[in-house]
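Written below as structure tokens is the structure these notes are about.
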Amino acid sequence: MAEVILKKGEGRYLKSGGAWIYDNEIDKINGTFAEGDIVDVLDFDGWRMGKGFINTRSKITVRMLIRRPDTEINDGFLRMRLKNAWEYRKEVMGEDLGSCRIVFGEADFLPGLTIDKYEDVLVVESLALGIDRLKEKIIGILKEILKEDGIIIRGVFERSDAKVRELEGMEPAKAFIGDPFDTKVQIVENGVKYMVDVKDGQKTGFFLDQKYNRRAVARLCKGKEVLDCFTHTGSFGLNAACAGAAHVTAVDASELAISQAKENAALNGVSDIVDFKVEDVFELLPALMDEGKKYDVVILDPPAFTKSRETIKKAVKGYREINMRGLKLVKDGGYLATCSCSHFMDEQLFLQTIREAASLSHRRITRVEFRQQTPDHPVLICGNENSYYLKFVIYRVTDEK
């Protein structure tokens, strides 16, 4: 096994609990290896720090798997990691395991790997070369673990089509792992039915991380007029409608998403309650203001406005603008539910941006609830691998008096 030797004074993230070693932290590599192999990691003084995958084509040259240098990376090790991940979901999600995230990369100590479960279907996203070489073995072991709890997986689909794979020297991959199957999967979340397209839907098919945030907003919607912006396939709006909203206006710029949202509304028998619009939210909100429209509940679930530190200033401007417009559409005493799914838009900056939006729109806001991603998307707090990305806030909005 090859050995990666760190420079003196480097490996600070690793030593503070992180899982990544960057190319500029490495002094030398002893021995021969193929990209994606498992290597030993040693500090400058020879202290063995654990084992991980190596890929010299990536700036993240080593992704750590284990801190114990005497542990063998074999089928037993992979089963231990996967069993721990599944048992954790059983603890934090209780009986709510029909659709959930089972593996969340570094937060489950399986770097670069995401596995979502939609009823009896698994969707896999592999973004690191080392883990990519093991994905079929991992899937086989996970299916055995789930079978022990009476869960029979009928199909597995790979959605490793993110551009970030190119940074690892890999081509995008989008295909069945095993036998083909119908990739339209019906799930139930918070009592709401959805058809999830695991082949062509966003990410792995559905945004599972907002499950309990949707439920929190739905509690406020009975008998109310609701505006759901960036609705995608209708998730927040359908939760509101199924909770007894008087009327829901759901907006998204994607015709495909709105088409799927309409199917989901029919599936739940609420087509007469939800009015779907294919429009740009940034253009629609000013038009609604000009019409004098007001809503009891306004929901803002935009895509990430930044995916790098370099564009944070531009993202702040975008979040400030969209929340200003949203706040102006809330009735006196109504509610704004707003969020950011960008890792780089940290909690403090996001909340400050909302405060600025409230001040500029001359509305008073009272925080009702602050939430984050569901616990099946655990937050690993360390280094650059911090898996905390979703910030979700519900405010009560009143006029300045």
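With this note's numbering applied, the sequence shown corresponds to residues 1 to 401, in that order. Idealized CB from N, CA, C, for every residue including glycine. Predicted model only: the values in this text are computed from it and were never measured.
{"Asked": "Distance, residue 361 Cα to residue 20 Cα", "Found": "43 Å"}
{"Asked": "Assumed close pair residue 4, residue 26 - CB separation to whole angstroms, cut-off 8 Å", "Found": "6 Å"}
{"Asked": "Cβ neighbours of residue 338 in the same chain (closer than 7 Å, five flanking residues each side left out)", "Found": "300, 323, 326, 354, 393"}
{"Asked": "Nearest neighbour of residue 95, chosen from 232, 189, 289 [CA to CA]", "Found": "189"}
{"Asked": "Three-state class that DSSP yields for residue 312 in the structure shown", "Found": "helix"}
{"Asked": "Backbone secondary structure at residue 246 - three-state DSSP", "Found": "coil"}
{"Asked": "Other residues of its chain near residue 79: CB distance less than 6 Å, five sequence neighbours each side excluded", "Found": "141"}
{"Asked": "Cβ neighbours of residue 113 in the same chain (closer than 8 Å, five flanking residues each side left out)", "Found": "103, 105, 124, 125, 126, 127, 128, 131, 135, 138"}
{"Asked": "DSSP state of residue 352 mapped onto helix, strand, coil", "Found": "helix"}
{"Asked": "Alpha carbon of residue 187 to alpha carbon of residue 146, nearest angstrom", "Found": "18 Å"}
{"Asked": "Residues bridged to residue 339 [DSSP beta-bridge criterion]", "Found": "392"}
{"Asked": "Helix, strand or coil at residue 322 according to DSSP, with G and I counted as helix", "Found": "helix"}
{"Asked": "Proximity below 9 Å, CB of residue 221 to CB of residue 243", "Found": "yes"}
{"Asked": "Cα-Cα separation, residue 336 to residue 56", "Found": "46 Å"}
{"Asked": "First through last residue of the alpha helix (DSSP H) which encompasses residue 145", "Found": "135-148"}
{"Asked": "CB contact flag (residue 288, residue 208, <9 Å)", "Found": "no"}
{"Asked": "Segment limits, beta strand (DSSP E) that includes residue 365", "Found": "363-372"}
{"Asked": "Euclidean distance between Cα positions of residue 23 and residue 167", "Found": "13 Å"}
{"Asked": "Span of the alpha helix (DSSP H), counted from its first residue to its last, around residue 282", "Found": "281-290"}
{"Asked": "Cβ pair count under 8 Å reaching 3, the stretch 279-297 against the stretch 305-316", "Found": "no"}
{"Asked": "Contact set for residue 171: own chain, Cβ-Cβ below 8 Å, skip 5 residues either direction", "Found": "165"}
{"Asked": "Alpha-carbon to alpha-carbon, residue 389 and residue 305", "Found": "12 Å"}
{"Asked": "Assigned secondary structure, residue 259 (DSSP; H/G/I helix, E/B strand, else coil)", "Found": "helix"}
{"Asked": "Residues that DSSP places opposite residue 382 in a beta bridge", "Found": "Answer is none; residue 382 lacks a bridge partner."}
{"Asked": "Span of the beta strand (DSSP E) around residue 20", "Found": "20-22"}
{"Asked": "DSSP three-state assignment for residue 132, whether helix, strand or coil", "Found": "helix"}
{"Asked": "Whole beta strand (DSSP E) elements within the stretch 198-253, 3-residue minimum", "Found": "225-229, 247-252"}
{"Asked": "Where residue 37 falls: helix, strand or coil (DSSP)", "Found": "coil"}
{"Asked": "Sequence-distant residues of the same chain with beta carbon closer than 8 Å to residue 223, five excluded per side", "Found": "244, 245, 246"}
{"Asked": "Length of the line joining the Cα atoms of residue 148 and residue 77", "Found": "18 Å"}
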